[in-house]
Each structure stands twice: as C-alpha cells, then as structure tokens.
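Participant:
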Amino acid sequence: MRLLKSLSILAGAAVLLTGCASAEKKLGRGFNNLTEPFRMGELSRSYEQSYLWSGSDVGGSVGVIHGFNRTVGRTFVGAFEVLTFPIPSEPYFKPEHPVYPDSYKPGPLDNPIIQTDTRVGFDGTDSASLIPGSRFTVFGN
Numbered sequence: 004m005r006l007l008k009s010l011s012i013l014a015g016a017a018v019l020l021t022g023c024a025s026a027e028k029k030l031g032r033g034f035n036n037l038t039e040p041f042r043m044g045e046l047s048r049s050y051e052q053s054y055l056w057s058g059s060d061v062g063g064s065v066g067v068i069h070g071f072n073r074t075v076g077r078t079f080v081g082a083f084e085v086l087t088f089p090i091p092s093e094p095y096f097k098p099e100h101p102v103y104p105d106s107y108k109p110g111p112l113d114n115p116i117i118q119t120d121t122r123v124g125f126d127g128t129d130s131a132s133l134i135p136g137s138r139f140t141v142f143g144n
C-alpha cells in the first residue's frame, strides 16, 4: 500500500513537472497534420520534386503515390497526436511544420491588426490561399 501511494505521488509530480508547453505544441502539430488532406502540401511537393529530379513520367506516377502515402501517414500521425497530446513525445514527421512545394512560400495572413494598409484597400497576401495550387499575390515579384 505504501509503495502504491509513493508511485502515485511520483507519477503526479511527473505529470505536473512536465509542463504544458510540449502538450500545446503536440496538439497544434496534431491539428496541422490532420488538415494535410485539405492542404495537399505533401502530395504537391512530392509530385514537384519527382518531376524535377526524375522527369515527367516519374513525377506523375511515383511522385503522386509517394505524396499520397505521406499525406495518409501525416493524417494518421496527426490523429494520434491529438488523441495523446497530454503525453509528451518527439515529432514523428520532419519537418514538423506544414509542408508546401518548394515553388510556393506562403506569406503572412491578412489581418487588420497586423497589416494596417487594409483600411486603404491594399494587402499583400495570397488572393486565393485556400485553393490548392493558387500562387497569385497582389504584390508578388
């Protein structure tokens, strides 16, 4: 009985001392990974890289299959991380942030708190950022 009480106190102290920062990061990482089927970043990036490095015939077949596998894997890992976010662990996918094709770098979100030019009618963000493959920006180079 005394051993069980000591172990429960030790386990409680371990839970309290681990902090919540890693749990918050894991939960955010899990939600990012869960949205991968909607973002299609892994699929686009795999297709692009296979097309550039191996040719058009490989990009359309192997690149798409590899991207689909990465998308499914990232989605399942995201669901697992959301369900187990209180338990600290290392990220399963590197990089842990959302993946985009190399030809696309997303800009900051358009927010009147961050960008004050929106009251004048100007903004420098993506015009259709929710549409996969859209790369049009107002002030793009």
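Residues 4 to 144, numbered by the numbering used here, are exactly what the sequence shown covers, in order. The beta-carbon is built from N, C-alpha and C at its ideal position, and this holds for glycine as well.
To the nearest angstrom, how far is it from the Cα of Val85 to the Cα of Leu30?
Facilitator: Each residue's alpha carbon lies about 5 angstroms from the other.
Participant: Which residue spans inside the stretch 23-60 form an unbroken alpha helix (DSSP H) run of at least 4?
Facilitator: As far as the stretch 23-60 is concerned, its whole alpha helix (DSSP H) runs of at least 4 residues are 24-37, 39-42 and 44-57.
Participant: Am I right that Ala26 and Pro94 are in contact with their C-beta atoms under 8 angstroms? What's the rounded C-beta distance?
Facilitator: No, Ala26 and Pro94 are not in contact; Cβ-Cβ is about 13 angstroms, not under 8 angstroms.
Participant: Should Arg32 be labelled buried (16 or more other beta-carbon atoms within 10 Å of its own) or exposed?
Facilitator: With 16 or more other Cβ atoms within 10 Å, it is buried.
Participant: Among the candidates Phe83, Ser92, Asn72 and Thr87, whose CA atom is the shortest distance from the CA of Leu46?
Facilitator: Answer by Cα proximity: Asn72.
Participant: Work out the CA separation of Ser49 and Ile12 for me, nearest whole Å.
Facilitator: Cα-Cα distance, rounded: 48 angstroms.
Participant: Roughly how many whole angstroms lie between the Cα atoms of Gln52 and Thr87?
Facilitator: Cα-Cα distance, rounded: 33 angstroms.
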